[in-house]
Amino acid sequence: MWAPGLLGLLVGHLLGLGWSYLYGERRWRGLLLCQECGLGVGGASLLPVVGVLASSLTCHRCACPLPVRALVLPIAGGGLGVASYFSLGPQIGPALLGALFGVVLLALTITDLERRLLPNRLTYTATFLALVLSWGWEGRGPVEAAAGAGFGAIALGLAYLLLRGGLGAGDVKLAIFIGAVVGFPRVVGALMVGVLAGGVGAALLLLFRLARRGHYMPYGPFLALGGGVGLFLWDALPHRLLVPWG
């Protein structure tokens, strides 16, 4: 249990310290505690959560507030790691993979909410890792991962072309990543959950007048939710109603 939790904690911490690099906003200068002034890490700031709390959530160089994501990513990442152990364990390989890719899905959710952007540096790297490490899953491997990525590309690629603005290219790349992680046929159900969640979310936003028709709504978080369901909750759901051959 501790290994997946620790991995999720560390991956979340590292993503938070390298956040600005995801967008290509600056050249590599090492991990950064403050993404505004480029203050590097050192001492207590190297430690997940503790370093951010020790700074009182404020950069001591430029006095800018540190983003809440600096706490959310490692804390939630550790929680996802523990959840991965109980969902995918006790085999250590699947539990570690679940922790890693669960944190990536969380990071993609946050960046889409913050910037309405799913950075290629994260999606491309994560998809590559999902394909390379696919042999570590129990009961599926590289063939299922490649087929899942292909299905995600075709399904969301067609939706991207047909909806004409309803989806972004980043959503298609996210679907490919999800397919590579959960494999085929799980990707079918995962994307269906994401699409249904997106529809319900859009309806609620319109119902409570939190958005207007034609306004942009980040779709990545809903797809990531579907990916999380396919990754952690697949065996607990009546998925055969969605994917009879799964």
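For what it's worth, my numbering labels the leading residue of the sequence shown as 930, then goes sequentially. Every residue, glycine too, gets a C-beta built ideally from N, C-alpha and C.
8 Å contact criterion, which residue i and residue j should meet: CB distance rounded
{"i": "A1126", "j": "F1151", "result": "4 Å"}
{"i": "L1000", "j": "V970", "result": "L1000 to V970, Cβ: 15 Å. No contact."}
{"i": "G1099", "j": "L1047", "result": "3 Å"}
{"i": "I1074", "j": "A1109", "result": "According to the sequence shown, residue 1074 is Ala rather than Ile. Confirmed, Cβ separation roughly 5 Å."}
{"i": "G1155", "j": "V1122", "result": "4 Å"}
Residue i classed as buried or exposed, judged by whether at least 16 other C-beta atoms fall within 10 angstroms
{"i": "L1002", "result": "buried"}
{"i": "D1164", "result": "exposed"}
{"i": "A1132", "result": "exposed"}
{"i": "E1043", "result": "exposed"}
{"i": "Y1053", "result": "exposed"}
{"i": "G953", "result": "exposed"}
{"i": "R1093", "result": "exposed"}
{"i": "F1161", "result": "buried"}
{"i": "P1114", "result": "buried"}
{"i": "W1174", "result": "Annotation note: pLDDT 49 at W1174 (below 50); position unreliable, no value reported."}
{"i": "H989", "result": "exposed"}
{"i": "S1063", "result": "buried"}
{"i": "L1120", "result": "buried"}
{"i": "V997", "result": "exposed"}
{"i": "W957", "result": "exposed"}
Beta-carbon spacing of residue i, residue j below 8 Å
{"i": "G1149", "j": "T1038", "result": "yes"}
{"i": "V1208", "j": "F1080", "result": "No statement about residue 1208 is possible, as the shown extent of the chain runs from 930 to 1175 and does not include it."}
{"i": "I908", "j": "V978", "result": "It is not possible to answer for residue 908, since the shown part of the chain is limited to 930 through 1175."}
{"i": "L1017", "j": "A1024", "result": "yes"}
{"i": "G1006", "j": "L938", "result": "yes"}
{"i": "Y1014", "j": "P1071", "result": "no"}
{"i": "L960", "j": "L946", "result": "yes"}
{"i": "W1066", "j": "L1026", "result": "yes"}
{"i": "T1056", "j": "A1082", "result": "no"}
{"i": "G1118", "j": "G1159", "result": "yes"}
Residues near residue i in its chain [Cβ-Cβ closer than 8 Å; skip 5 each side]
{"i": "C991", "result": "C963, E965, C966 and L968"}
{"i": "F1137", "result": "none"}
{"i": "C993", "result": "C963, E965, C966 and T987"}
Spatial neighbours of residue i in its chain, beta-carbon cut-off 7 Å, leaving aside the 5 residues before and after
{"i": "G1128", "result": "none"}
{"i": "I1021", "result": "A932"}
{"i": "P1147", "result": "D1041, L1042 and R1045"}
{"i": "G1130", "result": "F1151"}
{"i": "V940", "result": "G1006, L1029 and V1032"}
Three-state class that DSSP yields for residue i in the structure shown
{"i": "G1156", "result": "helix"}
{"i": "P933", "result": "helix"}
{"i": "L962", "result": "coil"}
{"i": "P994", "result": "strand"}
{"i": "G1018", "result": "coil"}
{"i": "G953", "result": "coil"}
{"i": "G1008", "result": "helix"}
{"i": "G947", "result": "coil"}
{"i": "G969", "result": "strand"}
Contact set for residue i: own chain, Cβ-Cβ below 6 Å, skip 5 residues either direction
{"i": "F1030", "result": "V1110"}
{"i": "L1060", "result": "A1074 and A1109"}
{"i": "A983", "result": "A973"}
{"i": "G1010", "result": "P933, G934, L936, G937 and A1028"}
{"i": "A1076", "result": "F1113"}
{"i": "V1101", "result": "L1085, G1086 and Y1089"}
{"i": "L951", "result": "P1048, R1050 and L1051"}
Proximity test, residue i beta-carbon vs the ligand SAM heavy atom, cut-off 7 Å
{"i": "A1109", "result": "No copy of the ligand SAM occurs in the structure displayed, which carries no ligand at all."}
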